[in-house]
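Colleague:
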Amino acid sequence: MKNCKAIWSEEEVAEGAHYDDVVDPRPQPEYEIILKQNVGTEDLFLGLSRKNPSSMCCEVKIKLPDTKATDVFLDLKETFLDLRTPKYKLGLHLPHPIHSQEGKAQFFSEKQELKVTLLMKRPTDFINMQ
Numbered sequence: 005m006k007n008c009k010a011i012w013s014e015e016e017v018a019e020g021a022h023y024d025d026v027v028d029p030r031p032q033p034e035y036e037i038i039l040k041q042n043v044g045t046e047d048l049f050l051g052l053s054r055k056n057p058s059s060m061c062c063e064v065k066i067k068l069p070d071t072k073a074t075d076v077f078l079d080l081k082e083t084f085l086d087l088r089t090p091k092y093k094l095g096l097h098l099p100h101p102i103h104s105q106e107g108k109a110q111f112f113s114e115k116q117e118l119k120v121t122l123l124m125k126r127p128t129d130f131i132n133m134q
């Protein structure tokens, strides 16, 4: 049943919008997004595997100074990464949809950095996976 007083329908609200909290004083940590694809010389010079330039994997590196791995809460949706620690908060809209159940996260204590590797959902996956 639709709520006639609702301003937007659920389809109109961006994924992750409910995580936006302007009152939360925690700063956003530094991060970088790296797009990757495994390519060999046959792909690069000969184009034999029919891979295209679209990336297959998205790697997000997040700097978390003064944080322990046990302090990290990470939640992944198809187009949104939600990371929370006692000191930091990051709500990141991803550049492409991902397979939210097939990611991998590693915390490097010496660098105080979390590396999240996400497999991307692309229309050409059936070609690129071969």
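Residue 56 in the numbering used here sits at position 52 of the sequence shown, and the numbers go up by one each step. We treat Cβ as the ideally placed atom computed from N, Cα and C, and that holds for glycine. Computed from a predicted structure; not experimentally measured.
#1: In chain order, which continuous runs of the beta strand (DSSP E) of length 3 or greater are located wholly inside the stretch 50-103?
#2: Between the alpha carbons of Glu-36 and Ala-109, how many angstroms are there, rounded?
#3: Rounded to a whole number of angstroms, what is the C-alpha to C-alpha distance between Val-76 and Ala-10?
#4: Is Met-133 helix, strand or coil when you go by DSSP?
#5: Should Ile-66 be labelled buried (16 or more other beta-carbon atoms within 10 Å of its own) or exposed?
#6: Measuring straight from C-alpha to C-alpha, what distance separates Leu-118 and Leu-68?
#7: What is the DSSP secondary structure of Lys-115, counted as helix, strand or coil?
Modeller: Answer, in terms of the structure:
#1: 61-67, 77-80, 84-88, 93-97
#2: 15 Å
#3: 34 Å
#4: Only weak support exists for where Met-133 lies, its pLDDT of 49 falling under 50; the value from the coordinates is given anyway. Correct three-state label for Met-133: coil.
#5: buried
#6: 7 Å
#7: coil
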